[in-house]
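Just below is one structure, and these are the notes that go with it.
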Amino acid sequence: MRLGMVIDLKRCIGCYGCQISCKSEHGTPPGVFFARVEKHEEGKYPTVRQIFLPVLCNHCDEPPCVDACPTGASFVWEDTGAVDIDADKCVGCRTCMMACPYGNRYMNDGPQTYFDTPTPYEERRVFRHQRDVVMKCNFCRDRVKEGKEPACVANCPTVARIFGDLDDPNSEVSRLIKERGGFPLHPELGTKPKVYYLPA
Amino acid sequence: MIHTNSFTHENPWLDEAAQLDPISYTIAMNADSGRKRGLKDGDLVWVEMEKGRKVKGRLHLTEGIHPEGLGVGGCAGHWAGKGLPIAKGKGVFFNELLELDWAHSSPVNINLDLCVKVKVTRAEEGVQ
Numbered sequence: 547m548r549l550g551m552v553i554d555l556k557r558c559i560g561c562y563g564c565q566i567s568c569k570s571e572h573g574t575p576p577g578v579f580f581a582r583v584e585k586h587e588e589g590k591y592p593t594v595r596q597i598f599l600p601v602l603c604n605h606c607d608e609p610p611c612v613d614a615c616p617t618g619a620s621f622v623w624e625d626t627g628a629v630d631i632d633a634d635k636c637v638g639c640r641t642c643m644m645a646c647p648y649g650n651r652y653m654n655d656g657p658q659t660y661f662d663t664p665t666p667y668e669e670r671r672v673f674r675h676q677r678d679v680v681m682k683c684n685f686c687r688d689r690v691k692e693g694k695e696p697a698c699v700a701n702c703p704t705v706a707r708i709f710g711d712l713d714d715p716n717s718e719v720s721r722l723i724k725e726r727g728g729f730p731l732h733p734e735l736g737t738k739p740k741v742y743y744l745p746a
Numbered sequence: 006m007i008h009t010n011s012f013t014h015e016n017p018w019l020d021e022a023a024q025l026d027p028i029s030y031t032i033a034m035n036a037d038s039g040r041k042r043g044l045k046d047g048d049l050v051w052v053e054m055e056k057g058r059k060v061k062g063r064l065h066l067t068e069g070i071h072p073e074g075l076g077v078g079g080c081a082g083h084w085a086g087k088g089l090p091i092a093k094g095k096g097v098f099f100n101e102l103l104e105l106d107w108a109h110s111s112p113v114n115i116n117l118d119l120c121v122k123v124k125v126t127r128a129e130e131g132v133q
């Protein structure tokens, strides 16, 4: 089973809901957001349009971050194909951050709170993460184990994000990629991402 | 641009997301209009109205706005430092440019008229 995601750029309205819900689910510290939304504008006045591009870890099939890791902290889960980090093994060398061509890995060495004193939420969620190691999206492994979808997928108000098994030809993700011409970002880099986009 | 009214600027998560969008805290101007005035994307500018009141902000040149318009996001430009640490200094507080009298208020909901004739000039970096 290879879990992947399809993001429909025709439906994305740039609400940043995925970014905020991921932040809320995982309690990432300031400056770290596993899911983020980039914006692109095209056209000339008066025929202009904005395209929003939600990006996240692509959980590549040939992840350069896993190859680059000197301690084996970066690894691929056998059962789902998701790429994850074992915080206990990570020494914070950041080689994986340099190896990732998409810039989706973050170092947890910045301030841990937004205000002077931590909020109760921050104490419970943000402080859980190990300091001075690298952190990243893991396709919400805890939620998926319980049969739920990742937070960003469950939250999307326009149902622009779809999650499923890329190895199953009848799953919604596989059908959408085939029927609507799904493409990954920067396929020429050869990392074989598992996050596909449907054209806007 | 995900802020609504004024207090969302103090929400750190929304502020973090807004910083990814170039129009959130800048003054948007039509790209051709900006080039005609010799302005570049990212320039610090003064926006001055007829009576001389002015505000300062960063320019963002975009195709997505009318050539004669300026776009300033929401109720930003908070100045209270102690009470609003996240929001302080972000965005432009353009109320300075508006006229506060009955002639410029809507008779239905007392909203102020936002149609102000302004001139945009480049400002010096690092000067108050």
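Chains as they are written, first to last, in the working numbering: chain A, 547 to 746; chain B, 6 to 133.
We put the beta carbon where it would ideally sit given N, CA and C, even for glycine.
(message) Is A:K569 close to chain B? Criterion is C-beta to C-beta, closer than 8 angstroms.
(response) Yes, contact with chain B.
(message) Please identify the residue among A:I566, A:R595 and A:D607 whose C-alpha is closest to the C-alpha of A:L735.
(response) Cα-wise, what sits closest to A:L735 is A:D607.
(request) Find out if the Cβ-Cβ distance for the pair A:G563, A:N701 is shorter than 8 angstroms. (result) In this structure, A:N701 lies closer than 8 angstroms to A:G563 by Cβ.
(request) Step through the CB atoms of chain B and report whether any lies within less than 8 angstroms of the CB of A:P576. (result) Interface residue, yes.
(request) Identify which residue in B:E130, B:I32, B:F99 and B:R127 has its Cα closest to the Cα of B:L117. (result) Ranked by Cα distance from B:L117, the first of B:E130, B:I32, B:F99 and B:R127 is B:F99.
(request) Confirm, please, whether the CB-CB distance from A:D625 to A:N684 is below 8 angstroms. (result) Remark: C-beta atoms of A:N684 and A:D625 do not approach each other more closely than 8 angstroms.
(message) Whether or not the segment 591-599 of chain A and the segment 609-627 of chain A are in contact is what I'm after, with contact meaning three or more pairs of Cβ atoms, one per stretch, closer than 8 angstroms; do they touch?
(response) No, the segment 609-627 of chain A is not in contact with the segment 591-599 of chain A.
(request) May I ask you to list the residues that DSSP assigns as paired with A:T593? (result) A:K590, per the DSSP bridge assignment.
(request) Provide the residue span of the beta strand (DSSP E) that contains A:S620, from first to last. (result) Residues S620 to V622.
(request) Using beta-carbon positions only, say whether A:S567 and A:A697 come within less than 8 angstroms of one another. (result) Cβ atoms of A:S567 and A:A697: closer than 8 angstroms.
(request) Mind checking which residues open and close the beta strand (DSSP E) that includes A:E718? (result) If you look at A:E718, you'll find it isn't in any beta strand (DSSP E); it sits in the alpha helix (DSSP H) that goes E718 to R726.
(request) Return yes when the Cβ of B:L64 is within less than 8 angstroms of the Cβ of B:G39, no when it is not. (result) Yes; because the gap between Cβ atoms is below 8 angstroms, this pair is in contact.
(request) Check the C-beta distance from B:R58 over to B:V125 and give it rounded, since I have them as a contact under 8 angstroms. (result) In this structure, B:R58 and B:V125 do not form a Cβ contact; the two beta carbons are roughly 14 angstroms apart against a cut-off of 8 angstroms.
(message) Beta carbons nearer than 9 angstroms to chain E: which residues of the segment 63-83 of chain B have them?
(response) Here chain E cannot be found, since the structure's protein chains are A and B.
(request) Could you tell me the distance, in whole angstroms, from the CA atom of A:P715 to the CA atom of B:E15? (result) Here the alpha carbons of B:E15 and A:P715 stand approximately 46 angstroms from one another.
(request) At 7 angstroms on the CB atoms, spell out the chain B contacts of A:G589, in chain order. (result) Neighbours of A:G589 on chain B, chain order: E68.
(message) Given this structure, state the Cα-to-Cα distance separating B:L25 from A:Y743, to the nearest angstrom.
(response) If you take the alpha carbons of B:L25 and A:Y743, they lie about 20 angstroms apart.
(message) For chain A, check one thing: does any of its Cβ atoms lie closer than 8 angstroms to the Cβ of B:W18?
(response) Yes - at least one Cβ of chain A is within 8 angstroms of the one on B:W18.
(message) Using CA atoms only, rank isn't needed, just tell me which of A:K740, A:V672, A:G656 and A:F598 is closest to A:S570.
(response) Closest option to A:S570, Cα to Cα, is A:V672.
(message) Which residue marks the beginning of the beta strand (DSSP E) containing A:V705, and which one marks its end?
(response) For A:V705, there is no enclosing beta strand (DSSP E), as DSSP gives it neither H nor E.
(message) My output table needs one value for B:G39: the three-state DSSP class, helix, strand or coil.
(response) It is helical.
(message) I need the DSSP call for A:M547, collapsed to helix, strand or coil.
(response) It is coil, neither helix nor strand.
(message) My output table needs one value for A:F580: the three-state DSSP class, helix, strand or coil.
(response) Looking at A:F580 - three-state DSSP - the assignment turns out to be coil, as it is neither helix nor strand.
(request) Starting from the Cα of B:R127, find the closest Cα among B:H8, B:S29 and B:L49 and give me that residue. (result) The candidate whose alpha carbon is nearest that of B:R127 is B:L49.
(message) Using C-beta distances below 8 angstroms, list every residue in its chain close to A:E695, excluding the 5 sequence neighbours before and after it, in chain order.
(response) Cβ neighbours of A:E695 beyond the five flanking positions: C686, R689 and F709.
(request) Enumerate in chain order the residues of its own chain whose CB-to-CB distance from B:D37 is below 7 angstroms, with the five nearest sequence positions on each side excluded. (result) The residues P72, in chain order, have a CB closer than 7 angstroms to that of B:D37 in the same chain once the five nearest residues on each side in sequence are set aside.
(request) Anything in chain A within Cβ reach of B:D26, meaning under 7 angstroms, just list it in chain order. (result) When 7 angstroms is used as the limit between beta carbons, B:D26 is near these residues of chain A: K585, in chain order.
(message) Let me make sure I understand the geometry here. Which of B:T13, B:I91, B:G69 and B:D106 has the alpha-carbon closest to that of B:I32?
(response) Answer by Cα proximity: B:G69.
(request) Give a yes or no on whether the C-beta atoms belonging to B:G76 and B:I28 are separated by under 8 angstroms. (result) Yes, the pair counts as a contact, with Cβ atoms nearer than the cut-off.
(request) Sort B:L44, B:E101 and B:H83 by Cα distance to B:V60 and report the nearest one. (result) Among B:L44, B:E101 and B:H83, the Cα nearest to that of B:V60 belongs to B:E101.
(request) Using beta-carbon positions only, say whether B:Y30 and B:G96 come within less than 8 angstroms of one another. (result) Closer than 8 angstroms, so yes.
(request) Compare the C-beta of B:N35 against all C-beta atoms of chain A and say whether one is closer than 8 angstroms. (result) Taking Cβ atoms only, chain A reaches closer than 8 angstroms to B:N35, which makes this a yes.
(request) Can you give me the Cβ contacts of A:S717 inside the same chain, cut-off strictly under 8 angstroms, excluding the 5 residues immediately before and after it? (result) Within the same chain, G710 and D711 come within 8 angstroms of A:S717 by CB-CB distance, once the 5 residues on both sides are set aside.
(request) Please determine, among A:P609, A:V622, A:W623 and A:K635, the residue with the shortest C-alpha to C-alpha distance to A:A645. (result) Of the candidates A:P609, A:V622, A:W623 and A:K635, the one whose C-alpha sits nearest the C-alpha of A:A645 is A:P609.
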